[in-house]
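Just below is one structure, and these are the notes that go with it.
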Amino acid sequence: MIRIIIGVTAAASLAACAASAEDKPKTAASDAPAQRGPGKGKGFDHNPYPSTYKPYPGVPTLLTNVTVLDGEGGRIDNGAVLFRDGKIVEVGQSIAAPEGASVIDGRGKYVTPGVIDVHSHLGDYPSPGVQAHSDGNEMTGPVTAEVWAEHSVWPQDPGFSRALANGGVTTLQILPGSANLFGGRSVTLKNVYARTMQGMKFPGAPYGLKMACGENPKRVYGGKGRMPSTRMGNIAVDRATWAKAQEYKRRWDKYEEKGGEAPARDLAMDTLRGVLDGEIIIHNHCYRADEMAIVLDMAKEFGYKVGTFHHAVEAYKIADLLKANGTCAAVWADWWGFKMESYDAIGENLAILEREGACGMIHSDDANGIQRLNQEIAKVRASAKRAGFDVSEAVAWKWAAITPARALGIDKVTGSLKAGKMADVVLWNGNPFSVYTRPEKVWIDGALLYDANDPKRRPVSDFELGQPGEGDVK
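For the sequence shown, my numbering begins at 11 and goes up steadily by one.
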């Protein structure tokens, strides 16, 4: 495959010379959890598949005469952004170019932080979409907290490069599917070319746990004649599992404090103990407001935190409850009506969360939608305007930047154009809320990984028509 051979070769050669290296809603993921992990130093490694990511080499770069949306709600017209050594150095109105810097005149263009998608299945359901590639749902039991999405990720999925080139996506969370009540661990990736999952793995990002409520688990397992087959069955299995996890945590806490014979290890319970210890973030597939309220109470019962409800088409009904619990909602602009629990959705959902001071963000859950999350945000703004209230461009960009970064526990290092943060930057060829606008250049950690004007920096795949006979140039 042309893209695989060229991408792997480029990754290997570039990595060899890479350098190592306003009021905001509070969420459970605002600070990256301590990386202690169940049993560390007591006989097993809590991080056996560590990140090997190394930034690609870049050059000092100054973008001038641009409209800057900083990702935290700030805007600078006719502004400038300087980054060097993989980090943002300065953002302002006028910045002097350091010696040897690449200076790009962005007159008429916008600069934003890279898009962050908290809900993707790229790599776990890669293209082409055949059964042999279907690795996102372990539908053998309703509780599979022991599985890790990263063990299914195929780095050569052409969806990754499409998300980079067409959508400006620089970071994404890969989740297991929603067939199971406890679907397994998620992983956060840098959207870079790499030969392995470990080469994409976001350094220091906490793990997530995918959970699901509602129709999917009861349909999958009710159809097999086993529990759960109802919503009350969903919650009963959840509660029994959390009770087991509490006992597992008690035994391991006692062992780590006092020593003695190590308890029997349970891989599923390792993950749930990580949640109870505040080290793993809950990402809960849930549509209806009443079910989200029940899940929030269940979290209080067992002493854990729900980080983000995903899909959450009825989040607008409980914006106050989400705000009070410090829980986010990751939503679509207008994807609804495909099953009963998705019917009571409105286009203003995300805008209402913002207006009420709750934590909300856009997400894709789709290999095509991830390529145009900027347009999804534009649709939300249009819905809000029709409803009689405005959301500014600068505020709306938070939904693809700092807010998802907080939900993933990585907001201290990425998600906005602030000095010292990762230089994950997109230069758009116009207003990013226009359907006619595309990324012109995308940098990750200050390295130019996509350039619409340079054929050698445009991705190519065997899954597209019209390819030349050789090389990687369209």
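All C-beta atoms, glycine included, are put in the ideal place defined by N, C-alpha and C.
None of the values given here were measured: they were computed from a predicted structure.
| Asked | Found |
| --- | --- |
| Quick check on the burial criterion: 16 or more other C-beta atoms within 10 angstroms. Buried or exposed for residue 220? | buried |
| Of all the options 441, 419, 145, which has the alpha carbon lying nearest to the alpha carbon of residue 337? | 419 |
| Which same chain residues, not among the five before or five after residue 167, have their C-beta less than 8 Å away from its C-beta? | 132, 133, 136, 137 |
| To the nearest angstrom, how far is the alpha carbon of residue 363 from that of residue 61? | 34 Å |
| For residue 162, which residues from the same chain have a beta carbon less than 6 Å from its beta carbon, with the 5 sequence-adjacent residues on both sides left out? | 134, 145 |
| Going by DSSP, name the residue or residues bridged to residue 446. | Its beta-bridge partners do not exist; DSSP assigns none. |
| From residue 170 to residue 374, what distance separates their C-alpha atoms? | 13 Å |
| Once the 5 residues before and after residue 33 are set aside, which same chain residues still bring their CB inside 6 Å of it? | In this prediction, residue 33 scores a pLDDT of 40, lower than 50, which makes its location untrustworthy; no coordinate-derived value is stated. |
| Three or more beta-carbon pairs under 8 Å between the region 315-325 and the region 349-368, yes or no? | yes |
| Measuring only the C-alpha atoms, how far is residue 439 from residue 293? | 34 Å |
| In or out: residue 13 buried (at least 16 other Cβ within 10 Å) or exposed? | Confidence at residue 13 is low in this model, with a pLDDT of 40, below 50, so the placement of that residue is unreliable and no value is reported for it. |
| Considering just the uninterrupted stretch of the beta strand (DSSP E) at residue 112, what are its terminal residues? | 112-115 |
| Using 8 Å as the threshold, is the C-beta distance between residue 86 and residue 99 below it? | no |
| Quick check for students: name the residue ranges of the alpha helix (DSSP H) that lie wholly in the region 222-257, counting only runs of 4 or more. | 225-232 |
| By DSSP, does residue 320 sit in helix, in strand, or in coil? | strand |
| By the three-class DSSP mapping on this structure, what secondary structure does residue 183 have? | strand |
| Please report the straight-line C-alpha distance between residue 76 and residue 89, rounded to a whole angstrom. | 5 Å |
| Could you pull the start and end residues of the beta strand (DSSP E) that residue 435 belongs to? | 435-438 |
| If you drop the 5 nearest sequence neighbours on each side, which residues of the same chain put their C-beta closer than 6 Å to that of residue 327? | 299 |
| Is the separation between the beta-carbon of residue 82 and that of residue 412 shorter than 8 Å? | yes |
| Under 8 Å, do residue 456 and residue 127 count as touching if we go by C-beta distance? | no |
| Are the Cβ atoms of residue 332 and residue 369 separated by less than 8 Å? | yes |
| Per DSSP, what are the beta-bridge partners of residue 85 in this structure? | 79 |
| What's the C-alpha gap between residue 176 and residue 263? | 47 Å |
| Once the 5 residues before and after residue 357 are set aside, which same chain residues still bring their CB inside 6 Å of it? | 344, 393 |
| The alpha helix (DSSP H) with residue 382 in it runs from where to where? | It is not in any alpha helix (DSSP H) - residue 382 carries neither H nor E in the DSSP assignment. |
| Counting C-beta neighbours from all protein chains within 10 Å, is the total for residue 66 16 or more, i.e. buried, or is it exposed? | buried |
| When the distance is taken between beta carbons, is residue 196 closer than 8 Å to residue 214? | no |
| What is the DSSP secondary structure of residue 364, counted as helix, strand or coil? | helix |
| Within the continuous alpha helix (DSSP H) that includes residue 145, where are the two ends? | From DSSP, residue 145 is part of no alpha helix (DSSP H); its letter is neither H nor E. |
| Kindly indicate which three-state DSSP category residue 399 falls into: helix, strand or coil? | coil |
| With a cut-off of 8 Å, do at least 3 Cβ pairs link the region 118-125 to the region 427-445? | yes |
| Where residue 313 and residue 286 are concerned, what is the direct C-alpha to C-alpha distance, given to the nearest angstrom? | 7 Å |
| Tell me which same chain residues have a C-beta within less than 7 Å of the C-beta of residue 383, skipping the five on either side of it? | 125, 127, 177, 372, 374, 410 |
| Compare the beta carbon distance of residue 303 and residue 318 with 8 Å and say whether it is the shorter of the two. | no |
| Which runs of the alpha helix (DSSP H) at least 4 residues long sit entirely within the region 292-341? Give them in chain order. | 299-312, 329-335 |
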